[in-house]
Amino acid sequence: MLKASELFTLQHSLAGEYLSDFEYPWQTLQRTGKIIEQIGKSLSDGEYDEISPYVWVHKKAKVAPTAFIGAPAIIGAGTEVRHCAFIRGKALIGENCVVG
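Position 59, counted from 1, in the sequence shown is what our numbering calls 59; the numbers after and before it change by one each time, with no gaps.
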């Protein structure tokens, strides 16, 4: 079976410390939303905007006006959320990603 440490690069994730507590990736799902909320509340206002309750977007990310981002969610630096993208929530999207 694929282990969390094999699936995720934990040292590059805002949730790396949280994910390292689990052996298998599906074990993380029950608390993912709460962890994203906790991480989001600790983010720097100088780097992230809270664009709606519990949705944080890095100031260097690009989000199309037609995109939907459900809470809780964190969008990292350099990430592009494209036209009509639909992010349901409980999402931690890292740096330099493309969604949609």
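Every residue gets a Cβ at the ideal spot worked out from N, C-alpha and C, and that includes glycine.
Identify the residues that DSSP records as bridge partners of residue i: which are they?
| i | result |
| --- | --- |
| residue 73 | 55 and 91 |
| residue 50 | 56 |
| residue 6 | For residue 6, which the question treats as bridged, DSSP gives no partner whatsoever. |
Could you tell me how far apart the beta carbons of residue i and residue j are, in whole angstroms, since I believe they sit closer than 8 Å?
| i | j | result |
| --- | --- | --- |
| residue 87 | residue 64 | At roughly 12 Å, the Cβ-Cβ gap does not stay under 8 Å, so residue 87 and residue 64 are not in contact. |
| residue 62 | residue 47 | Contact doesn't hold; Cβ gap of about 15 Å is too wide. |
| residue 94 | residue 44 | Contact flag wrong, Cβ pair sits at about 16 Å. |
Given residue i, which residues of its chain have a CB within under 7 Å of its CB, disregarding the five upstream and five downstream residues?
| i | result |
| --- | --- |
| residue 51 | 57 |
| residue 11 | none |
| residue 77 | 58, 60, 61 and 95 |
Could you tell me the alpha carbon to alpha carbon distance between residue i and residue j, rounded to whole angstroms?
| i | j | result |
| --- | --- | --- |
| residue 90 | residue 1 | 24 Å |
| residue 19 | residue 25 | 8 Å |
| residue 23 | residue 32 | 15 Å |
| residue 16 | residue 4 | 10 Å |
| residue 79 | residue 55 | 14 Å |
| residue 30 | residue 36 | 12 Å |
Report all residues from its chain with a CB closer than 6 Å to the CB of residue i; omit the five preceding and five following residues, and keep chain order.
| i | result |
| --- | --- |
| residue 67 | 81 and 85 |
| residue 97 | 79 |
| residue 83 | 64 and 66 |
Using a Cβ-Cβ cut-off of 8 Å (strictly less than) and excluding sequence neighbours within five positions of residue i, which residues of its own chain qualify?
| i | result |
| --- | --- |
| residue 42 | none |
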